[in-house]
Structures are given as structure tokens and as C-alpha cells.
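Everything on this sheet refers to the single structure shown next.
Pasting the structure below:
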């Protein structure tokens, strides 16, 4: 999954390294400055043909623009800061991002909490259940069922 915020920062960084304004880069790409601004703020990811053109303009491979090979750290106080929420959840589930589940659990939405709990229940994610159980709602405890290891 592509992190739109990281892609935006990469595009902005590449643009600034070439001393281009948003207007100048937008003209080279045949897009509006507003479209470029949305990409740089991480509100959207440019279409593939634009990513290819950005690679040509900045002389970098497309995977660099899309930040496909980059690792990133998260702030334990706000794991979603400057990152796409779904990307963070997917990386936690896949094991690509290791976090202390009990300490960040309060940052998750109710749906994200259930998603993470389902992966704990089927043992895709390992965590200290004794620390986590005290942070669960009654319905979340019920959801975990016999796996709560009290």
C-alpha cells in the first residue's frame, strides 16, 4: 500500500531540490497547481502516468517517488501522524511495523481495534494479553472470547 503522505513529501522534496515552484512543476506535468498541491499534502496520489513523468523530470525511479522501498518510524504518541491510517494498520498486521499494541491501542478507532483484535485472536499478531485486556471494552473482551488468557 502506498503512503500518500510520504509520496507527497517526496514530490515536494524533489521539486524543492530543483528550485521549482508548484506552478512550474505543474506546467511541466500539464496539471493544475491545485492538483500538485493535493499530492504534496498527501491528500491524493498522482496517477501512474504522472509518477512516470515525475521520474523522468527528476531522474529517479518511480519506486523512489512512491516510497516503495523506504522504511519509516512512527511516533508512539501518535502512530498515524503523517501517515495513511490504513497503511499503518496493514503494516502492523503484516508485521512490517512492530508496535507495542497495548500502549497504542487507545489511538485506534473502534473498527481498527476490532481488526487488530481479530488478528490477535487468530494469532497473526502477538502481544501481551495481560497488558491489553485491561484496556478493552466489555464487548472487545467478549469478542476475544476464550483467547483472553486471564
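Residue numbers (this note's numbering): 48 to 197. Yeah, the Cβ is synthetic: ideal placement off N, Cα and C, and Gly gets one too. Since the structure is predicted, the reported quantities are computational estimates derived from the model, not experimental observations.
With residue 164 and residue 178 assumed to form a contact (beta carbons below 8 Å), what rounded beta-carbon distance in angstroms separates them?
No, residue 164 and residue 178 are not in contact; Cβ-Cβ is about 14 Å, not under 8 Å.
Evaluate the contact criterion for the stretch 89-97 versus the stretch 117-128: three or more CB pairs, one atom per stretch, below 8 Å.
no
Roughly how many angstroms lie between the CA atoms of residue 104 and residue 65, to the nearest whole one?
10 Å
Could you check whether residue 130 and residue 52 sit closer than 9 Å to each other, using their CB atoms as the reference points?
yes
Three-state class that DSSP yields for residue 110 in the structure shown
Here residue 110 sits in helix by DSSP.
Are at least three pairs of beta-carbons, each pair with one atom in the stretch 140-151 and one in the stretch 72-89, less than 8 Å apart?
no
Status (buried if at least 16 other CB within 10 Å, exposed otherwise) for residue 57:
By the neighbour-count criterion, in which a residue is buried when 16 or more other Cβ atoms sit within 10 angstroms of its Cβ, residue 57 is buried.
Residues sharing a beta bridge with residue 125, DSSP
By DSSP's assignment, residue 125 forms a beta bridge with 122.
Residues in the same chain with beta-carbon distance under 8 Å from residue 69, minus the five sequence neighbours each way, listed in chain order, please.
Around residue 69: 62, 80, 83, 84 and 87.
Backbone secondary structure at residue 195 - three-state DSSP
Only weak support exists for where residue 195 lies, its pLDDT of 42 falling under 50; the value from the coordinates is given anyway. Reduced to three states, the DSSP call for residue 195 is helix.
If you count every other CB in all the chains shown that lies within 10 Å of the CB of residue 138, and 16 or more means buried, which is it?
buried
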